[in-house]
Structures are given as structure tokens and as C-alpha cells.
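Working notes, beginning with the structure itself.
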Amino acid sequence: MNNLIFDSNVIIDILTKRDETQDLSSEIFIKAILKKKAFLSVSQVHNLRFVIKRNYPEFYQDYLKIEGKIEIVKTPSYIDLENVLAKVDIEDYLIEISAKLINGLIITRDQKFLELSQITISPKDYYLKYKNSHTKIDFLDLKTQYLSMHNEMDKAIDNIISNTAFIGGKSLTDFNENFAKYIGTKYAIGVGNGTDALIISLKALGLKPGDEVLVPANSFIATSEAVTNAGGKVVFVDCHPDLYTVDVEKIEEKITAKTKVIIPVHLYGQAADMDPIMEIAKKHDLKILEDCAQAHGAKYKNQNVGTFGDLASFSFYPGKNLGAYGDGGAIVTNDDSLFRLCKMFANHGRIEKYNHEFEGVNSRLDGLQAAVLNVKLQHISDWNKNRRRVAELYNKYLADVEEIVLPKILSDVVPVYHLFVIRTDKRNELKDYLKENNISAGIHYPIGLPFLKAYDYLESKPQDFPVTYEYQNKLLSLPIYPEMTEEMVKFVSEKIRNFFV
Ligand SMILES: Cc1ncc(COP(=O)(O)O)c(C=O)c1O
Numbered sequence: 000m001n002n003l004i005f006d007s008n009v010i011i012d013i014l015t016k017r018d019e020t021q022d023l024s025s026e027i028f029i030k031a032i033l034k035k036k037a038f039l040s041v042s043q044v045h046n047l048r049f050v051i052k053r054n055y056p057e058f059y060q061d062y063l064k065i066e067g068k069i070e071i072v073k074t075p076s077y078i079d080l081e082n083v084l085a086k087v088d089i090e091d092y093l094i095e096i097s098a099k100l101i102n103g104l105i106i107t108r109d110q111k112f113l114e115l116s117q118i119t120i121s122p123k124d125y126y127l128k129y130k131n132s133h134t135k136i137d138f139l140d141l142k143t144q145y146l147s148m149h150n151e152m153d154k155a156i157d158n159i160i161s162n163t164a165f166i167g168g169k170s171l172t173d174f175n176e177n178f179a180k181y182i183g184t185k186y187a188i189g190v191g192n193g194t195d196a197l198i199i200s201l202k203a204l205g206l207k208p209g210d211e212v213l214v215p216a217n218s219f220i221a222t223s224e225a226v227t228n229a230g231g232k233v234v235f236v237d238c239h240p241d242l243y244t245v246d247v248e249k250i251e252e253k254i255t256a257k258t259k260v261i262i263p264v265h266l267y268g269q270a271a272d273m274d275p276i277m278e279i280a281k282k283h284d285l286k287i288l289e290d291c292a293q294a295h296g297a298k299y300k301n302q303n304v305g306t307f308g309d310l311a312s313f314s315f316y317p318g319k320n321l322g323a324y325g326d327g328g329a330i331v332t333n334d335d336s337l338f339r340l341c342k343m344f345a346n347h348g349r350i351e352k353y354n355h356e357f358e359g360v361n362s363r364l365d366g367l368q369a370a371v372l373n374v375k376l377q378h379i380s381d382w383n384k385n386r387r388r389v390a391e392l393y394n395k396y397l398a399d400v401e402e403i404v405l406p407k408i409l410s411d412v413v414p415v416y417h418l419f420v421i422r423t424d425k426r427n428e429l430k431d432y433l434k435e436n437n438i439s440a441g442i443h444y445p446i447g448l449p450f451l452k453a454y455d456y457l458e459s460k461p462q463d464f465p466v467t468y469e470y471q472n473k474l475l476s477l478p479i480y481p482e483m484t485e486e487m488v489k490f491v492s493e494k495i496r497n498f499f500v
């Protein structure tokens, strides 16, 4: 269902039952309310109250109840008074520009509005269109998330712009404090992105040219790229055949006299098996940098990921569980001197303005992103809970499909399902079939890190990383996001089932 703005004439139809199309309008309206897709432009509110109070006073209280259930969408201040619709009817024009902000359609009976705007539709036409529409499931739906909190978000963003607090400022100090508290570390430092968070952390750990860093073969390139960019040498370790995170049994055989750091990646929102990793690090005197880009809030033995290692990095890329409205990242630590080094390195090697103790980089989380993240941080626990709900539903509806392997989770891990990854021999065919059925699935990752052109120089062979090599053709990520309904999960699961019969 689309986001719908209801024109004032349709709201009055529904309220007073004055028009023969009101049954259709009411049906659309009720469905839209239930799905949180019903909107009014803020420009309508005054007029609607005024007209109903004056012409239909007996319905005024009912109207106020309805109004309380509808989302109010803002009207931008950048209006074009030369616009044709604006010249004919400024009220309709204001509704139209509000609707454009939410990619919405306007339900109206006003013939002139229907003719002059491309995004208006009559109740009857919308009813027919909706009835015959096909369900489409995107891989990710950030719009629905924004609309679920757009008032808070708009206020936070407006506040940054009106105070011109673009770099540093209260939103950033608040975020650093709030995020450290959420993860359970002494410090958090907002930086430019998750890749920089890894590079800066490795620099702070004192990585020297030729130092080796162990990286899982199954991850996003940022994990290994950071090692090279920090001056180290990448050494890959194969992934576990059931968990897809680093295979802890294969770590020690890769350790040499030059090994300095292990980077466990909490992949797909699962936690890497931290107990044995910490033991190995202790035994060989290695540092641990946790890559938590995909696992904000995931727990291993009642402890948040990001609290085990010397340092941990996070990404706030928009599609992550905690995503900014642009690039962003953070480093967390309990160590006073690592905190100071990371903070300085991310800001030209300084604590005070113009007092540069060494050369660093410019990698700061900006004020706008910090403000966005402060709003989202208040919702992350609910969103992660909802991701687990969606995962449980997939597990229920796909339990008896023998051709696929569902995600396996270590006991004592509370995952946050950044991705819901299944395994099947018919991965590519299934992905294409889902696409034909309007369902977007993803592949994480189609080429294992050792087999990327970027790492040709390491001359890795399939038998060096047999699990990663095999799984690059078998893993498939199904759509998962907190706002997915049971109906949507059922729809995807049924299509998967149909594919295999
Ligand atoms: C495992 C992993 N590490 C690091 C990163 C890098 O984060 P960013 O894109 O914010 O630089 C990502 C992001 O995609 C990731 O998935």
C-alpha cells in the first residue's frame, strides 16, 4: 500500500457519509490507518478543523479522534508560486508538495486536483489499483522507518541547521556519551565511517609496516582494506561452516612472529565466538579489534559485542541496524590512552585547536549525523527485537524446506540479524526466482575476500579457504528489517517453498 494523503473532501465524506463513494474511501482509510500509511498535510489541519466546526459541528469531536490517528506530514517552505497548481489552488499545491516528501499519493474527489496533479487518484481508482496490485518486498525499507519517527527526526535535523552546529557541538558529545552507554564501554568516538574507525583503531594500536593482522575471509572488504591502509599485512582465516563468522579452530595456524592484531567480525548481526578468540589473543599476546559494523547491540554471553577487545569499530552506513543519513562510524574502548590516541588521530592529531601532537586525518562524525543517530539510538533496542521477531517467523515458515539451511546461532548469543542468511545449492536460481516475484534478496558476499582481484597478490587458492570458496555460491540474504510484517515474511517464505516444489 502507498503512503496516502487524504484530501479534505474525502475526510469529510468519511466523517459525514455524505457521498456514495464514502464506503470505498472508508475502507482505504481504515487500511491505511492500520498500516500507518494515512497522512494529512500540516497545511490541511487548520482548514479542516475550521470547516468541520463551522459546517458539521456534530462531527467535530469525531474528527478530532480521527485526526489523532493520522500522521501529519510537513509542508516544505520552498514553495514555487509560479507552479500551475499553485496558481489555480494554493491549498492543493501545498498538499501536493507534502505528498512528494513521502512519495505518497493523494486520494481526492476534486476533479480539478485530479486533472492538474500527477499524484492524485480518486477513491474508486485507488481501490481498483490496490486490489490488483502485486506485493513487492524490498531488501531494505528505510522510508517506513523514517516515517515511523519523522516528527522527532525532522525536529532534530532542523535544530542542527538552525543552530549551525555542523561540526562537533552538543549533538556529537551527546551521541558519544549515549553510544558508549548503550554499548557498555567507557568511551565512544564518532568518526567519519566504519572503514575509518578500523583504520584509526589499527593506527592507535601501533601497527607498523609488515605487522600481520588476522581477518576473516568472509567479510566486507573494509575489514581487510583497513589493514593495508594502516600499513599492515592482511592474513585471511577461513569462516566457520555453520556460523559464517571466523573459524576459531583455524586462527592459531595463521599466527606468526609478526602477527599483532586479530579482527573478529560480528558478521550478519551474529557474534563471533569471543571466548576462544580472547584466549588465543592472551596466549600469543595479540590485540583484538572487533569489527561490529553489522552488530550494534548483539550480545555474546550477556555482554554486548564491542566490549571484549582492546577497541571496537562500528559503521553507521544508512542500511546498518543503526544507520545515519549519510556516512558515519564510531570507535569504542575502555582504555584511556587508546581513547585519546583515536580521538586525536581522527581530528588531525590534536585535542586542542591548532595544537597538533602528530599528523592524523580528518574523520569526524558530523553534527547532523550525530543528531540523527541520537534519535535512532532511542529506537535501536525495539528495532533489534523486531529483527529477531522477523527471523523467528522465517525460521517457523521455512523450517521444513529441506533444500535450505537456516542460520545457526551459538548458544549464549543474542543476534541482531543485520542480515538473515540462508544457504542453498540453488542460490542463484532462487535469487532470480524471487526477483521475478518482486522480492529482492542479496548476496553477502559473492566473492570471498581472498578471491577478489584486490588480493590477487596473495595468490590464494580455493583449498586455502574451502568454506568461504564454497559458500560464495551458496549464501543468500533474505529481506529483513524491523518493519516487516508477518504477512510479508509469509509471502517470501511461500515463494521460497514454491521454488523448491
Ligand atoms: C563488516 C564491515 N566492516 C566494515 C564496514 C565499513 O563501514 P563503512 O561503510 O561505514 O565504512 C562495513 C560496511 O559495510 C562492514 O559491513
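Numbering (numbering that gives the first Met the number 0), first residue to last: 0 to 500. Here a beta-carbon is modelled for each residue, glycine too, at the ideal position from N, C-alpha and C.
If I follow the unbroken beta strand (DSSP E) through Lys-34, where does it start and stop?
Taking the first residue of the sequence shown as position 1, residue 34 is located at position 35. Neither: Lys-34 is in no beta strand (DSSP E) and is coded neither H nor E.
Count the other CB atoms within 10 Å of the CB of Leu-63; is the residue buried (16 or more) or exposed (fewer)?
Here residue 63 refers to the residue found at position 64 of the sequence shown. With fewer than 16 Cβ atoms within 10 Å of its Cβ, Leu-63 is classed as exposed.
Residue range of the beta strand (DSSP E) that Arg-422 falls in?
By 1-based counting over the sequence shown, the position of residue 422 is 423. Arg-422 -> beta strand (DSSP E) spans 419-422.
Assuming Val-466 and Asp-237 are in contact, meaning their beta carbons sit under 8 Å apart, how far apart are those beta carbons, in whole angstroms?
As a first step, residue 466 is located in the sequence shown; it is residue number 467 there, counting from the start. As a first step, residue 237 is located in the sequence shown; it is residue number 238 there, counting from the start. Indeed, because the Cβ distance is near 5 Å, the residues count as touching under 8 Å.
Between Gln-293 and ligand 1, is the CB less than 6 Å from at least one heavy atom?
One-based indexing of the sequence shown puts residue 293 at position 294. Gln-293: yes, Cβ under 6 Å from ligand 1.
What residue ranges within the segment 390-430 form continuous alpha helix (DSSP H) runs of no fewer than 4 residues, ordered along the chain?
none
Indicate the three-state DSSP secondary structure (helix, strand or coil) for Phe-307 in the structure shown.
One-based indexing of the sequence shown puts residue 307 at position 308. Here Phe-307 sits in coil by DSSP.
With a CB to CB cut of under 7 Å and the five nearest residues on each side skipped, what residues in its chain are close to Val-400?
Residue numbering aside, residue 400 sits at position 401 when the sequence shown is read from its first letter. Ile-495, Arg-496, Phe-499, listed in sequence order.
What separation, rounded to the nearest whole angstrom, lies between the Cα atoms of Asp-12 and Leu-100?
Taking the first residue of the sequence shown as position 1, residue 12 is located at position 13. Taking the first residue of the sequence shown as position 1, residue 100 is located at position 101. Spanning the two alpha carbons is a distance of roughly 25 Å.
Could you tell me if Asp-274 is buried or exposed, where buried requires 16 or more neighbouring beta carbons within 10 angstroms of its beta carbon?
Here the question's residue 274 lines up with position 275 in the sequence shown. It is exposed - the Cβ of Asp-274 has fewer than 16 other Cβ atoms within 10 Å.
Buried or exposed: His-295, going by 16 or more other Cβ atoms within 10 Å of its Cβ?
Locating residue 295 in the sequence shown gives position 296, counting from the first residue. That one is buried.
Is the Cβ-Cβ distance between Ala-505 and Ile-287 less than 7 Å?
Since the first residue of the chain shown is 0 and the last is 500, residue 505 is not available in this structure.
Quick one: is the Cβ of Ala-256 within less than 6 Å of any heavy atom of ligand 1?
Taking the first residue of the sequence shown as 1, we reach residue 256 at position 257. Because no heavy atom of ligand 1 lies under 6 Å away, the Cβ of Ala-256 does not count as near it: no.
Grab the span of the alpha helix (DSSP H) containing Ser-476 for me, first residue to last.
Your numbering for residue 476 matches position 477 in the sequence shown. Element bounds for Ser-476: not the alpha helix (DSSP H) but the beta strand (DSSP E), 474-477.
How far does the beta strand (DSSP E) with Pro-215 in it reach, from first residue to last?
For this step, residue 215 is matched to residue 216 along the sequence shown. Residues 211-215.
Return yes when the C-beta of Ser-218 is under 6 Å from any heavy atom of ligand 1, and no when it is not.
The residue you call residue 218 lines up with position 219 of the sequence shown. Checking the Cβ of Ser-218 against ligand 1 gives yes.
Assuming Gly-325 and Val-190 form a contact by the criterion Cβ under 8 Å, report the distance between their Cβ atoms to the nearest whole angstrom.
Mapped onto the sequence shown, residue 325 falls at position 326. Mapped onto the sequence shown, residue 190 falls at position 191. 13 Å between Cβ atoms; not a contact.
Using only the alpha-carbon positions, how far apart do Pro-445 and Gln-117 sit?
Reading the sequence shown from its first residue, position 446 is the one you call residue 445. Reading the sequence shown from its first residue, position 118 is the one you call residue 117. Approximately 40 Å, taken between the alpha carbons.
Buried or exposed for Ile-29, please, with buried defined as at least 16 other CB atoms from any protein chain shown within 10 angstroms of its CB.
The residue you call residue 29 lines up with position 30 of the sequence shown. The residue is exposed, with fewer than 16 neighbouring Cβ atoms inside 10 Å.
Is Ser-314 near ligand 1 - that is, is its Cβ less than 6 Å away from at least one heavy atom of it?
Translated into the one-based positions of the sequence shown, residue 314 becomes position 315. Answer for Ser-314: yes, Cβ within range of ligand 1.
So for Arg-349, helix, strand or coil by DSSP?
Within the sequence shown, residue 349 is the residue found at index 350, counting from 1. Here Arg-349 sits in strand by DSSP.
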